[in-house]
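Student: Under this note's numbering, think of the first position of the sequence shown as -5, with each following residue one higher.
Here a beta-carbon is modelled for each residue, glycine too, at the ideal position from N, C-alpha and C.
No experiment lies behind these values; they were computed from the predicted model shown.
Structure incoming, see below.
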Amino acid sequence: MNRREWLKRSAAGLTALAVAGAVGGCGDKTPPKRLEGNVRLPAKLPMLKRMDNGFTPLAISTMSMPKTGGKMAAEGIKIIQRAADAGVSLFDTAWAYADGDGERMLGEALSNRSRDSFMLSTSMPTFSVDTVAEAKAVFDRQLQLLRTDHVDYYSLQAIGSSDIYKEKYSDSGILAFLTKMLDEGKIRHLGIDYIGSDEDFLDALLSDRRFDFFRLPYNAIDDLRMNGAQSSAIFAAQDAGKLVFATNPTKDGMLRALNGDATDVLYSAFPDRPIAGWALRAAARQEGVTTVVDSPSDLTMLAEDVTAMALGTEFSEKESAVWETALKSFIANSKIHCIDCKRCMPCPYGINIPQNFTIHNALIDDDMLPNAYGDTASEAFAIKAKEFVRRMQPLDHRQSAFFCIGCGKCVGKCPQGIAIPQQMAHISLIIDKARERAVKDICDR
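This is how it looks when you write it as structure tokens:
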């Protein structure tokens, strides 16, 4: 019997599941040992090939590199030089990166290389300048630190709203100054580092011919959770003929490790692949992305990045299936960022959305959320399924995620941008799998 058929017997839902769970799940309560990969990074990094547009699929940023001072700064310089040796074409930085030392590190690291062998990207620090004089002083200092007479890709940093754009750039005269630098060749391409969510404002920026490229955040997890908002922005930029630098592909490093359920999926299929590489390649294969900007904080991370990207940006059919399963495992077993504001309520079908999320998150905190995408035949799954059922019991009839039909009426009300129907589907799948396992345990006795 599938879930849809079972729904027709509504009263049997969680009541039957609770009874089955109460008698199931005995035995060893030791959680399963996580799989370990067999990743062996090469001593010499592979060379990344440049695409027809002159970019390699991977760009390196100084954002998370070791900070200034002695050995730490030397480590950052070594990362940059090793990346250049591997063929990386674009090096990205900003006024505040590496405690304000990012531009100096790039300038020093690349000083002995032919200027036409690499491209530089930096930006105007939006919240550190108010006047043209201040902007000019910053720009001149950036050229000095980078040891160059021009910046290939220069962006307006952290543009999140039309008000900020108007106040800091249009009205202040700073945009006119940067346009002048563009005309003089000191800036080769002017762009926007966009962090907003206003589609109309983004469309207005995309229609401005002064801007050739856009820095847009993209990682596979947030794009799923936000109903494809990140990929939609990339598509819009592509349609406008703009280059796209995909930023934060590992979600502040979170996707370098994922969680145990997701890494089990990846290592079981490809034990020799570094986990971080999956998120990078997923971003690089996103239609409309020109290059993916990552910031390795040590040489091992750089080796993982380059080794992964050398595999190519396209996924095979098997890779796509494995990555999709890993993402589902990660999302289903990662905390949902619900703030219990209850703006999504009331649900027209009676589901207690915040309470479902609260139970889900509490189970994660206690490492007791069953992985519906993993080995549901294991004793560990049975133990966690029993606890899952116990905690779901306080929900009144039909308040469970199990009864969500995916109408989507709640989505636009959520200030956190949670993809509520998708999250409900994940919880519903856990209910399904827990029920199936409980019934099997009863029948096997």
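(1) Buried or exposed for residue 51, please, with buried defined as at least 16 other CB atoms from any protein chain shown within 10 angstroms of its CB.
(2) Throw me the rounded Cβ distance for the residue 209 and residue 241 pair, which I believe falls under 8 Å.
(3) Hey, quick one: how far does the beta strand (DSSP E) through residue 209 stretch, first residue to last?
(4) Would you check if the region 256 to 275 and the region 41 to 49 touch, i.e. whether three or more CB-CB distances between them fall below 8 Å?
(5) Between the alpha carbons of residue 319 and residue 148, how many angstroms are there, rounded?
(6) Please give me, in chain order, every unbroken run of the alpha helix (DSSP H) with length at least 4 that falls completely inside the region 93 to 174.
(7) For the pair the region 160 to 172 and the region 126 to 133, tell me if three or more CB-CB distances fall below 8 Å.
(8) When the Cα atoms are used, what is the spatial distance from residue 363 to residue 251?
(9) Taking 6 Å as the limit between beta carbons, can you name the residues of its chain near residue 146, skipping five residues before and five after?
(10) Could you tell me which residues DSSP pairs with residue 183 in its beta bridges?
(11) Is DSSP giving residue 266 helix, strand or coil here?
(12) How far does the beta strand (DSSP E) with residue 85 in it extend, from its first residue to its last?
(13) Applying the criterion that 16 or more other CB atoms from any shown protein chain within 10 Å of the CB defines a buried residue, is residue 140 buried or exposed?
(14) Between the C-alpha atoms of residue 433 and residue 327, what's the straight-line distance to the nearest angstrom?
(15) Quick check on DSSP: helix, strand or coil for residue 239?
(16) Using only the alpha-carbon positions, how far apart do residue 58 and residue 300 sit?
(17) Beta strand (DSSP E) containing residue 54: first to last residue?
(18) So for residue 390, helix, strand or coil by DSSP?
(19) Buried or exposed for residue 203, please, with buried defined as at least 16 other CB atoms from any protein chain shown within 10 angstroms of its CB.
(20) Give me, in chain order, the residues of the same chain whose beta-carbon lies closer than 7 Å to that of residue 456; leave out the 5 immediate sequence neighbours on both sides.
(21) Under a Cβ-count criterion, where at least 16 other Cβ atoms within 10 Å of its own Cβ denotes burial, should residue 396 be classed as buried or exposed?
(22) By the three-class DSSP mapping on this structure, what secondary structure does residue 307 have?
(23) So, are the CB atoms of residue 82 and residue 53 less than 8 Å apart?
(24) In whole angstroms, give me the CA-to-CA distance for residue 7 and residue 321.
(25) Taking 8 Å as the cut-off, decide whether the C-beta atoms of residue 408 and residue 414 are in contact.
(26) Are residue 324 and residue 317 touching if we call contact CB-CB under 8 Å?
(27) Inspect the beta-carbon positions of residue 307 and residue 49 and report whether they are closer than 8 Å.
(28) Taking 8 Å as the threshold (C-beta atoms), are residue 99 and residue 90 in contact?
(29) Cβ atoms of residue 435 and residue 376: under 8 Å apart, would you say?
(30) What are the partner residues of residue 285, as DSSP defines its beta bridges?
(31) Closest to residue 281 by C-alpha separation, out of 120, 227, 155, would be which residue?
Tutor: Let's see:
(1) For the purposes of this step, residue 51 is taken as residue 57 along the sequence shown, with counting starting at 1. Of the residues assessed, residue 51 falls on the buried side of the cut-off, its CB having 16 or more other CB atoms within 10 angstroms.
(2) Residue numbering aside, residue 209 sits at position 215 when the sequence shown is read from its first letter. Residue numbering aside, residue 241 sits at position 247 when the sequence shown is read from its first letter. Residue 241 and residue 209 do touch by the CB rule: their CB atoms are close to 5 Å apart, below 8 Å.
(3) The residue given as residue 209 occupies position 215 in the sequence shown. Looking at the DSSP string, the run of the beta strand (DSSP E) that includes residue 209 is 205 to 211.
(4) For the pair of segments examined, the region 41 to 49 was found not to touch the region 256 to 275: the number of CB pairs separated by less than 8 Å stays below three.
(5) Start at 1 with the first residue of the sequence shown, and residue 319 comes out as number 325. Start at 1 with the first residue of the sequence shown, and residue 148 comes out as number 154. Going from the Cα of residue 319 to the Cα of residue 148 covers about 38 Å.
(6) With a minimum length of 4 residues, the continuous alpha helix (DSSP H) runs that stay inside the region 93 to 174 are 96 to 103, 126 to 140, 156 to 159.
(7) Touching, yes.
(8) Along the sequence shown, one-based indexing puts residue 363 at 369. Along the sequence shown, one-based indexing puts residue 251 at 257. If I take the Cα positions, the gap works out to 19 Å.
(9) As a working note, residue 146 is residue 152 in the sequence shown. The residues are 113, 114, 182.
(10) Along the sequence shown, read from residue 1 onward, the residue named residue 183 stands at position 189. Paired residues: 147.
(11) Position 272 of the sequence shown, counting from 1, holds the residue named residue 266. DSSP places residue 266 in the coil class of the three-state scheme, outside both helix and strand.
(12) Position 91 of the sequence shown holds residue 85. Boundaries of the beta strand (DSSP E) around residue 85: 84 to 86.
(13) On the sequence shown, position 146 is the one that residue 140 refers to. Looking at its Cβ environment, which holds 16 or more other Cβ atoms inside 10 Å, residue 140 is buried.
(14) Taking the sequence shown and counting its residues from 1, one reaches residue 433 at position 439. Taking the sequence shown and counting its residues from 1, one reaches residue 327 at position 333. Answer to the nearest angstrom: the Cα atoms are 23 Å apart.
(15) Position 245 of the sequence shown, counting from 1, holds the residue named residue 239. Three-state result, residue 239: strand.
(16) Sequence index remark: in the sequence shown, residue 58 carries index 64 (1-based). Sequence index remark: in the sequence shown, residue 300 carries index 306 (1-based). Roughly 17 Å separates the two Cα atoms.
(17) For the purposes of this step, residue 54 is identified with residue 60 of the sequence shown, where counting begins at 1. First-last of the beta strand (DSSP E) with residue 54: 52 to 55.
(18) Position 396 of the sequence shown, counted from the first residue, corresponds to residue 390. In the three-state DSSP reduction, residue 390 falls in the coil class, being neither helix nor strand.
(19) For the purposes of this step, residue 203 is identified with residue 209 of the sequence shown, where counting begins at 1. By the neighbour-count rule (16 or more Cβ atoms within 10 Å), residue 203 is not buried but exposed.
(20) Residue numbering for the chain in the displayed model covers -5 to 439; residue 456 lies beyond these limits and cannot be assessed.
(21) Numbered from its first residue, the sequence shown carries residue 396 at position 402. Buried: at least 16 other Cβ atoms inside 10 Å.
(22) To locate residue 307, count along the sequence shown from 1; it is residue 313. Of the three classes helix, strand and coil, the one that applies to residue 307 here is coil, per DSSP.
(23) The residue you call residue 82 lines up with position 88 of the sequence shown. The residue you call residue 53 lines up with position 59 of the sequence shown. Contact flag set, yes.
(24) On the sequence shown, residue 7 is found 13 positions in, with the first residue counted as 1. On the sequence shown, residue 321 is found 327 positions in, with the first residue counted as 1. Note on residue 7: pLDDT 40, under 50, position unreliable in the model; the coordinate value appears next. C-alpha separation (whole angstroms): 27 Å.
(25) Stepping through the sequence shown from its first residue, residue 408 is reached at position 414. Stepping through the sequence shown from its first residue, residue 414 is reached at position 420. Yes, these two residues count as a Cβ contact at 8 Å.
(26) Residue 324 sits at position 330 when you count from the first residue of the sequence shown. Residue 317 sits at position 323 when you count from the first residue of the sequence shown. Contact annotation: residue 324 and residue 317 have beta-carbon atoms that are not nearer than 8 Å.
(27) Taking the sequence shown and counting its residues from 1, one reaches residue 307 at position 313. Taking the sequence shown and counting its residues from 1, one reaches residue 49 at position 55. Cβ distance not < 8 Å, so residue 307 and residue 49 don't count as in contact.
(28) Looking up residue 90 in the sequence shown gives position 96. Looking up residue 99 in the sequence shown gives position 105. Against a cut-off of 8 Å, the Cβ pair of residue 99 and residue 90 comes out as no contact.
(29) Position 382 of the sequence shown, counting from 1, holds the residue named residue 376. Position 441 of the sequence shown, counting from 1, holds the residue named residue 435. Contact flag set, yes.
(30) Stepping through the sequence shown from its first residue, residue 285 is reached at position 291. Answer is 239, bridged to residue 285.
(31) As a first step, residue 281 is located in the sequence shown; it is residue number 287 there, counting from the start. Of the listed residues, the one whose Cα sits closest to residue 281 is 227.
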